[in-house]
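In order, the protein sequence lines correspond to chains P and B.
Going by my numbering, the first sequence opens with residue 1, and the numbers climb by one from there.
Going by my numbering, the second sequence opens with residue 1001, and the numbers climb by one from there.
Protein chains: 2
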Amino acid sequence: MTTPEGERSERSDGPTRAFVPGHITGFFSVHPHDDSRRAGSRGAGIALADGVTVAVAPPDTGETTIALGGEPVEMDAVARTLDTLGVRARVAVETPLPVSAGFGVSGGAALGAALAANARFDLERTENELVATAHAAEVDAGTGLGDVVAQARGGVPLRVEPGAPPHGHLDGIPLRANRRIEYVSFDRRSTEAVLGGDTDGLSQEAPTIERLVTCSATFAREADLLTERVEAAIEAVETAGGMASMAMLGETVFALDTGLTEAGYEPATCAIHPSGAGIVGPDIG
Amino acid sequence: MTTPEGERSERSDGPTRAFVPGHITGFFSVHPHDDSRRAGSRGAGIALADGVTVAVAPPDTGETTIALGGEPVEMDAVARTLDTLGVRARVAVETPLPVSAGFGVSGGAALGAALAANARFDLERTENELVATAHAAEVDAGTGLGDVVAQARGGVPLRVEPGAPPHGHLDGIPLRANRRIEYVSFDRRSTEAVLGGDTDGLSQEAPTIERLVTCSATFAREADLLTERVEAAIEAVETAGGMASMAMLGETVFALDTGLTEAGYEPATCAIHPSGAGIVGPDIG
């Protein structure tokens, strides 16, 4: 039998890597459930080309270790994901995104760990099983409710029914072309709030990214989520003729196109990531 | 307001393009339904980086025209898709794949037309609505049952429940790394057959691409689908130590990695397309 390409990475000593797009939530509603695979949120968000890369390899000492940017950290969602999969690993997470600022870094780390561990240790789970494992771990860790399923899909995901597959149900807003997203984070926020807000209005009329941002800004104002700096930045972008809102739940403002730049900020920028999470491997033509 | 990037392509005179991966089905079962959005197939397949590019622009004469490789053609699934969306268009389809050979070209043309027409004419449908429209058009045209939903997902899609979203339900086989797919087509086949074969065995144990090919070859033999040339090619690949099967339903053999080359054939080659269909646009960093 010919040597399948995939065998090489499995049998080498190096890590297997997965990439998961970042995800900002524009608005959402919380849907608790005793089964953490059925718990989750409805809402709408944007997957970002700035994301999370997760490298998984066998553990050095026999115990799971997790590093973020080279520094040892505790990431409960990642530890729970590996526990559920029944493996121990050396996990290295790298991201240009700020942590605890509303970009889905913990959910991305959990999903990336699930995808990379499945590949590295030949676990033979399906994609849905891996997404559900990471989603449940994130819910149980209390660090997120909807990022994982959105990050698995990519693009501009609408969470129509809460939870992981096969319970949850997603749709998406098609883009006419890719869009530049700008963002500024002022601080970190670790609180979770229970809020009301739904995708019904968005999916029943005019599902556009502009309307997503408008709904998000209205939602953030009505739910009284805005800090002074966030409110000032959103208003500055709107005054300059752009569209911006707050990333739930961080002290982070995101804008379409060059909105923050034109309002005088110096934002980080990236594209929308049109596809979902996956293993990083060599392209084979 | 800043000019959104997407507006440019909409307002220029040029066409909007969508890319849809090719799709070979390894095995399947047929599930008829009066509602063509609920009709479909269960099964497993592979999305290919060799795919279908569909350009959509306003019609020259007021009527819809469809060209394939520059030549006027009838493509019922495309015409029905545009009818359902309520638009007329000039549609140009380009593909390196053989037509009517089991690569999902008609389904890809329908899905690409839906995505590109939505973008070009600002139709504001969601992604699921566009997939369901193309799926129903393909079912009603009698040219396919499961390619469209698989092409919308990409990778190695498992059709767990038949039909378009929100009725149908997909899973996927994760890859440890991308894989080379080789294929040879001997002839064109336009028949549709009703066959039995299901994803249960694949999704309940060892969901790997190797097992997909093994199940597919067993399925093709048991369903007596093999022509002499197809059977000879599969056996030659197996004798040379590789894995191959038949693409349903064309006189086409596909193999993993370098299977056909090592058996002495001169196949076309491409990678697996890890993501689903989408608009082709400039990347914006």
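Where is the CB? At the ideal position from N, CA and C, for every residue including glycine.
Nothing here was measured: the structure is a model prediction, and the numbers come from that model.
Cross-strand partners of residue i (DSSP beta bridge)
| i | result |
| --- | --- |
| B/GLY1051 | B/PRO1021 |
| B/PRO1072 | B/ALA1067 |
| B/ILE1046 | B/ILE1024 |
| P/SER185 | P/THR252 |
| B/LEU1130 | BP columns for B/LEU1130 are empty, so no partner. |
| P/VAL230 | Paired residues: none, contrary to the question. |
| P/GLY172 | P/PRO157 |
| P/ALA77 | Answer by DSSP bridge pairing: none, since P/ALA77 is not bridged. |
| P/ARG180 | P/ALA271 |
| B/VAL1149 | In the DSSP output, where bridge partners are listed per residue, B/VAL1149 has none listed. |
| B/ILE1287 | With chain B covering 1001 to 1285 only, the question about residue 1287 of chain B has no answer from this structure. |
| B/THR1016 | B/VAL1056 |
| B/GLY1278 | B/PHE1019 |
| P/VAL237 | Paired residue(s): none; P/VAL237 is not in a bridge. |
| P/SER41 | P/VAL30 |
Reference residue i, options the options, closest by Cα
| i | options | result |
| --- | --- | --- |
| B/GLY1172 | B/ALA1152, B/PHE1186 and B/GLY1051 | B/ALA1152 |
| P/ILE66 | P/GLY45, P/ALA89, P/GLU182 and P/ALA49 | P/ALA89 |
| P/LEU225 | P/GLY259, P/GLY250 and P/GLY70 | P/GLY250 |
| P/GLU182 | P/PRO174, P/GLY70, P/VAL253 and P/ASP147 | P/VAL253 |
| B/GLY1104 | B/ARG1211, B/PRO1059 and B/GLY1154 | B/GLY1154 |
| P/ALA18 | P/GLU129, P/GLU210, P/ALA110 and P/VAL156 | P/ALA110 |
| P/VAL99 | P/GLY69, P/ILE234, P/GLU124 and P/THR126 | P/GLY69 |
| B/GLY1045 | B/ALA1240, B/PRO1174, B/ALA1223 and B/GLU1228 | B/PRO1174 |
| B/GLY1259 | B/PRO1274, B/GLU1235 and B/GLY1107 | B/GLU1235 |
| P/LEU286 | P/ALA220, P/ASP187, P/GLY241 and P/GLU228 | As displayed, chain P neither begins before 1 nor continues past 285, which places residue 286 of chain P out of reach and without an answer. |
| B/ARG1037 | B/ALA1141, B/PRO1072, B/THR1061 and B/PRO1058 | B/ALA1141 |
| B/PRO1059 | B/PHE1121, B/GLU1071, B/ALA1268 and B/PRO1267 | B/PHE1121 |
| B/GLY1241 | B/GLU1210, B/GLU1124 and B/ARG1125 | B/GLU1210 |
| B/THR1261 | B/GLY1281, B/ALA1233 and B/PRO1274 | B/ALA1233 |
| B/ALA1055 | B/ASP1034, B/THR1095 and B/PHE1028 | B/THR1095 |
| B/ILE1108 | B/LEU1130, B/GLU1266 and B/ALA1220 | The sequence shown places Gly at residue 1108 of chain B, rather than the Ile named in the question. If we check each option's Cα against that of B/GLY1108, B/LEU1130 comes out closest. |
| B/THR1084 | B/PHE1219, B/ASP1034 and B/ARG1125 | B/ARG1125 |
8 Å Cβ cutoff met for residue i and residue j
| i | j | result |
| --- | --- | --- |
| B/ALA1092 | B/PRO1021 | no |
| P/HIS169 | B/PRO1166 | yes |
| P/ILE272 | P/ASN178 | yes |
| P/CYS270 | P/ASP50 | yes |
| B/THR1143 | B/ALA1077 | yes |
| B/ALA1132 | B/ILE1279 | no |
| B/LEU1145 | B/VAL1030 | yes |
| P/GLY263 | P/VAL230 | One point to set straight first is that residue 263 of chain P is Ala, not Gly, in the sequence displayed. Their beta carbons are not under 8 Å apart, which means P/ALA263 does not touch P/VAL230 by this criterion. |
| B/GLY1043 | B/ARG1159 | yes |
| B/GLY1112 | B/VAL1052 | yes |
| B/ALA1117 | B/LEU1082 | yes |
| B/PRO1207 | B/ALA1047 | no |
| P/ALA101 | P/SER185 | yes |
| P/ALA39 | P/GLY163 | yes |
| B/GLU1161 | B/ASP1147 | no |
| B/LEU1212 | B/GLY1026 | yes |
| B/ARG1176 | B/ASP1257 | no |
| B/THR1061 | B/ALA1079 | no |
| B/SER1106 | B/MET1075 | yes |
Chain-ordered chain D contacts of residue i [CB-CB under 8 Å]
| i | result |
| --- | --- |
| B/GLY1281 | No chain D appears in the structure shown, which is made up of the protein chains P and B. |
- Query: In the stretch 242-272 of chain P, which residue ranges form an unbroken beta strand (DSSP E) of at least 3 residues, counting only runs that do not cross its ends?
  - Reply: As summarised for the stretch 242-272 of chain P, the continuous beta strand (DSSP E) elements at least 3 residues long and confined to that stretch are 244-246, 251-256 and 268-271, given in chain order.
- In the stretch 50-79 of chain P, which residues sit with their C-beta less than 8 Å from some C-beta in chain B, listed in chain order? none
- Residues in the stretch 1158-1172 of chain B having any Cβ partner in chain P nearer than 9 Å: LEU1158, VAL1160, GLU1161, PRO1165, PRO1166, HIS1169, LEU1170, ASP1171 and GLY1172
- Near-chain B residues of the stretch 267-278 of chain P - C-beta to any C-beta below 9 Å: THR269, CYS270, ALA271, ILE272, PRO274, SER275, GLY276 and GLY278
- Pull out every residue of the stretch 211-222 of chain P whose Cβ sits closer than 7 Å to any Cβ of chain B, in chain order. Within the stretch 211-222 of chain P, no residue qualifies.
- Enumerate, from N- to C-terminal direction, the unbroken alpha helix (DSSP H) stretches of 4 or more residues contained entirely within the stretch 1080-1125 of chain B. 1105-1120
- Report the residues of the stretch 124-150 of chain P with a CB closer than 9 Å to any CB of chain B, ordered along the chain. GLU124, ARG125, THR126, GLU127, ASN128, GLU129 and LEU130
- Query: If contact means a Cβ-Cβ distance below 9 Å, which residues of the stretch 87-108 of chain P contact chain B?
  - Reply: none
- Any residues in the stretch 111-122 of chain P with a beta carbon nearer than 9 Å to a beta carbon of chain B? Which ones, in chain order? LEU115, ASN118, ALA119, ARG120 and ASP122
- Task: Pull out every residue of the stretch 16-29 of chain P whose Cβ sits closer than 8 Å to any Cβ of chain B, in chain order.
- Result: THR16
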